[in-house]
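Take a look at the structure set out below.
Residue numbers (the UniProt record's numbering): 1 to 173.
Following this line, the structure appears as structure tokens:
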């Protein structure tokens with residue numbers, strides 16, 4: 001499993017371990033989970049989150065989804081003849097969504113490795129295409145645009161909640 005996938009899974013695990021719903025009330029909303037965790041006092045003022053924690057896991061899950069939202073939006077908006085569009089989109093998505101939270105070592109790793117790991121446009125789209133229900137490029141691209149249109153307001157609300165609860169950790173990793 002590639003490192004980003006391992007990090008994503010580790011963040012999901014952090015949320016699961018923090019997910020301790022009260023037996024009498026059933027499941028919790030994200031707000032309820034974050035508020036309950038914040039009440040324990042494990043996080044510090046200024047959004048300094050304990051790692052691991054549900055809040056830290058959710059923060060990095062959001063940033064990862066935001067990266068993919070920007071990546072997919074850029075690829076979907078790119079010229080069909082631009083074979084490098086996934087590479088350029090990945091670098092742009094990284095610069096906007098993740099780089100502000102990475103220290104110098106991670107920035108170098110991502111700036112070097114990310115473009116080299118991105119496939120040319122046709123191969124990138126082929127990798128995303130379902131093997132059980134193949135579709136034309138334009139159908140796939142429209143699906144990407146639709147996904148981004150759904151993700152963006154959710155990501156904005158997710159970020160707003162973290163800012164409101166003083167859980168938006170600005171530190172670099």
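Ideal Cβ positions, reconstructed from N, Cα and C, are used throughout, including at glycine.
Treat the numbers as computed from the prediction; the structure is a model and nothing was measured.
*How many angstroms separate the CA atom of residue 69 from the CA atom of residue 147?*
8 Å
_Distance between residue 93 and residue 74 (C-alpha atoms, nearest Å)_ = 8 Å
*Taking the C-alpha atoms as reference points, what is the distance between residue 127 and residue 172?*
Roughly 32 Å separates the two Cα atoms.
_Stretch pair the region 158 to 167 + the region 33 to 51: three plus CB contacts closer than 8 Å_ = yes
_To test your reading of the DSSP string, which unbroken alpha helix (DSSP H) runs of 4 or more residues are found completely within the UniProt domain "Glycolipid transfer protein" (9 to 115)?_
30 to 39, 54 to 77, 85 to 93
*Given that a residue counts as buried once 16 or more other Cβ atoms are within 10 Å of its Cβ, and exposed if not, what is residue 112?*
exposed
*Please list, in chain order, all residues of the same chain as residue 66 whose beta carbon is under 7 Å from its beta carbon, the five residues on each side excluded.*
97, 155
*Cβ contact (3+ pairs, closer than 8 Å) linking the region 47 to 66 and the region 5 to 19*: Touching, yes.
*What did DSSP end up calling residue 173 once you bin it into helix, strand or coil?*
coil
*Using the rule of at least 16 other Cβ atoms within 10 Å of the residue's Cβ for burial, across every protein chain shown, is residue 105 buried or exposed?*
exposed
_Between the CA atoms of residue 28 and residue 35 - distance to the nearest angstrom_ = Between residue 35 and residue 28, the C-alpha separation is close to 10 Å.
*asked:* For residue 18, count the other beta carbons within 10 Å of its own beta carbon; 16 or more makes it buried, fewer makes it exposed. Which is it?
replied: buried
_If you follow the alpha helix (DSSP H) that residue 139 is in, where does it begin and where does it stop?_
137 to 164
*Can you grab the Cα-Cα spacing for the pair residue 137 / residue 153, in whole Å?*
25 Å
*So residue 127 is in the alpha helix (DSSP H); what residue range does that whole segment cover?*
121 to 128
_Spatial distance of residue 56 from residue 157 (CA atoms)_ = 17 Å
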